[in-house]
Amino acid sequence: MNPTVFAMRRPVTTLMLVVALVSGGVLALNTMQVVILPPLNTPKIHVYLDYIGTRGKQVKGYIVGQFESYYHKHEEEPHQEHHKIVITSPKPMDVTVIQPYVCQIHSRRHINVCALENGYLQEIAVREGQAVKKGDLMFKIVPVLYKAKLDAELAEARLAELEYNNTESLFKRKAVVSQNEVLLFKAKLDRAKAKADLAQAEVNFTEVRAPFDGIVDRQHEQLGSLIKEGDFLTTLSDNSVMWVYFNVTEAQYLEYMAGLKQGNQDQKIELKLANGNKFPQTGKIGAIEAQFNNETGNIPFRADFPNPDGLLRHGQTGSVLISRTLKNALVIPQRATFEVLDKRYVYVVGEDDVVHQREIAVQNELDDIFVINKGLDVNDRILFEGGRQVRDGEKVEYEFRSPEEVMANQKNHAE
Numbered sequence: 001m002n003p004t005v006f007a008m009r010r011p012v013t014t015l016m017l018v019v020a021l022v023s024g025g026v027l028a029l030n031t032m033q034v035v036i037l038p039p040l041n042t043p044k045i046h047v048y049l050d051y052i053g054t055r056g057k058q059v060k061g062y063i064v065g066q067f068e069s070y071y072h073k074h075e076e077e078p079h080q081e082h083h084k085i086v087i088t089s090p091k092p093m094d095v096t097v098i099q100p101y102v103c104q105i106h107s108r109r110h111i112n113v114c115a116l117e118n119g120y121l122q123e124i125a126v127r128e129g130q131a132v133k134k135g136d137l138m139f140k141i142v143p144v145l146y147k148a149k150l151d152a153e154l155a156e157a158r159l160a161e162l163e164y165n166n167t168e169s170l171f172k173r174k175a176v177v178s179q180n181e182v183l184l185f186k187a188k189l190d191r192a193k194a195k196a197d198l199a200q201a202e203v204n205f206t207e208v209r210a211p212f213d214g215i216v217d218r219q220h221e222q223l224g225s226l227i228k229e230g231d232f233l234t235t236l237s238d239n240s241v242m243w244v245y246f247n248v249t250e251a252q253y254l255e256y257m258a259g260l261k262q263g264n265q266d267q268k269i270e271l272k273l274a275n276g277n278k279f280p281q282t283g284k285i286g287a288i289e290a291q292f293n294n295e296t297g298n299i300p301f302r303a304d305f306p307n308p309d310g311l312l313r314h315g316q317t318g319s320v321l322i323s324r325t326l327k328n329a330l331v332i333p334q335r336a337t338f339e340v341l342d343k344r345y346v347y348v349v350g351e352d353d354v355v356h357q358r359e360i361a362v363q364n365e366l367d368d369i370f371v372i373n374k375g376l377d378v379n380d381r382i383l384f385e386g387g388r389q390v391r392d393g394e395k396v397e398y399e400f401r402s403p404e405e406v407m408a409n410q411k412n413h414a415e
């Protein structure tokens, strides 16, 4: 900036600078012993002049510094240009919406293996984490009383059989034995066999066998332990198919059922594990529970995932990812929107080039775009860039960009 122009625009600053220069000049003349007035021999005058000179130097330095700072600031300050106002239009297109749900992973069958009879744990035929087949022996318990009871019942059954055979033989030889006596001994034999079978079943219960194919969990009793009926020995999990449970809101449930009824429920169900990787198998909806939770407003869904490699285990967590393709969905850039008090708006440019604020309803949010539920149509023109420069009801000059061009370079989020 020209110093003359600066002096005209800043008279106070110029006056202070002149005072500083004059003070500096007086100090210089005094230092060089230039006689302006007749010399005075009063020491206080010299002290006072030295003080004025020092203060003058300080004021001079401050004023010069302020002048240089102001000069350089205004010389180097870049010329600010307003951003161009750019508008575009909503675009109908097919988009894939992915909705994540926190889930819990369960085995299709997961049971507690318990002792059926009392006795000592004689044998443990399985290891923790071992895969077993249906019918494999897992635990064997030595019965305390049931073996003796079985022997007694078997002896009673043999005695009843001998009595029945003897009575039947006498009846066939037309001896003094009636048919009713034969039937009586036959019933006695049947009762003895039933008791023997019951005793045998009780003994068989001391052998704990796998009811289905599965994986053995941690063992809770050690070899030689005294086991009581109902004691918890281990758990067995059938992990061939995993049941994955997740909660769905009422609105999403109604949307799912409406799409299912119309036959256009084109969706893909995936499972994201705790390490961020996707499970290689895709799933399907296996069940929906009968009622909503009144406290949360959610209803549990179940997705079934095949688990051929045994990667999934009971109790794991993850996220169910449900991908749906929306046909001809109306989308806009996130950058074209702004939020006020939990409501989302856009600026719409009318036929008279006047902008108006309009509330919109967002159906789905993707990485860079919003899927619009209501508030806009394909013929609307919305503000894409320069939204901070306009006000509601203001007439604007703008540049129009096609939705294809805007969507092709979309890495800008909402303000």
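Last residue of the sequence shown: 415 in my numbering, with the numbers rising by one and none dropped.
Heads up, the beta-carbon is just placed ideally off N, CA and C, and yes, glycines get one too.
This structure is a prediction, so every number in the text was calculated from the model and none was measured.
Count the other CB atoms within 10 Å of the CB of residue i; is the residue buried (16 or more) or exposed (fewer)?
i	result
Glu385	buried
Ala157	buried
Val132	buried
Arg335	buried
Asn247	buried
Gly393	exposed
Glu128	exposed
Glu365	exposed
Met242	buried
Gly238	Note that residue 238 is Asp in the sequence shown here, rather than Gly. The residue in question, Asp238, is buried, as its Cβ has 16 or more Cβ neighbours within 10 Å.
Gly318	buried
His314	buried
His416	There is no way to answer for residue 416, as the model of the chain reaches only from 1 to 415.
Tyr398	buried
Gly387	buried
Met257	exposed
Ser89	buried
Val422	Examination of residue 422 is not possible in this model, given that the chain is present from 1 through 415 alone.
Asp352	exposed
Gly214	buried
Asp217	buried
Ala329	buried
Val378	exposed
Ala192	buried
Glu153	buried
Val340	exposed
Pro403	buried
Please state whether DSSP places residue i in a helix, a strand or coil.
i	result
Pro403	helix
Asn180	helix
Lys395	strand
Asp231	coil
Arg324	strand
Asn373	strand
Lys147	helix
Gln80	Below a pLDDT of 50, predicted positions are generally treated as unreliable, and Gln80, at 42, falls in that range; the measurement from the model is reported next regardless. Gln80: coil per DSSP, three-state reduction.
Arg381	coil
Leu366	coil
Leu37	Because the pLDDT at Leu37 is just 45, under 50, the model does not fix this residue reliably, and the value given afterwards should be weighed accordingly. DSSP places Leu37 in coil when its eight states are reduced to three.
Leu311	coil
Ala361	strand
Ala152	helix
Gly119	strand
Lys133	coil
Ala408	helix
Arg127	coil
Leu159	helix
Asn165	helix
Glu75	Below a pLDDT of 50, predicted positions are generally treated as unreliable, and Glu75, at 48, falls in that range; the measurement from the model is reported next regardless. Helix.
According to DSSP, what are the bridge partners of residue i?
i	result
Asn247	Pro300
Met242	Ser107 and Phe305
Ser89	In DSSP, Ser89 forms no bridge with anything.
Ser319	Val102 and Lys272
Glu339	Arg344
Val331	Lys91 and Val371
Ser237	His110 and Ile215
Val354	Lys395
Val390	In the DSSP output, where bridge partners are listed per residue, Val390 has none listed.
ask   = Looking at C-beta atoms only, is the number of pairs between the stretch 294-314 and the stretch 85-92 that lie closer than 8 angstroms three or more?
value = no
task = Counting only runs of 4+ residues fully inside the stretch 167-222, write out the alpha helix (DSSP H) ranges in chain order.
result = 179-204
message = Check whether the stretch 107-120 and the stretch 227-235 touch, using three or more Cβ-Cβ pairs below 8 angstroms as the test.
response = yes
inquiry  = Could you tell me which whole beta strand (DSSP E) segments of length 3 or greater appear in the stretch 253-286?
reply    = 267-273
ask   = Counting Cβ pairs, one atom from each stretch, are 3 or more of them under 8 angstroms apart for the stretch 278-286 and the stretch 134-144?
value = no
query = Do the stretch 333-347 and the stretch 360-380 touch if we need at least three Cβ pairs shorter than 8 angstroms?
reply = yes
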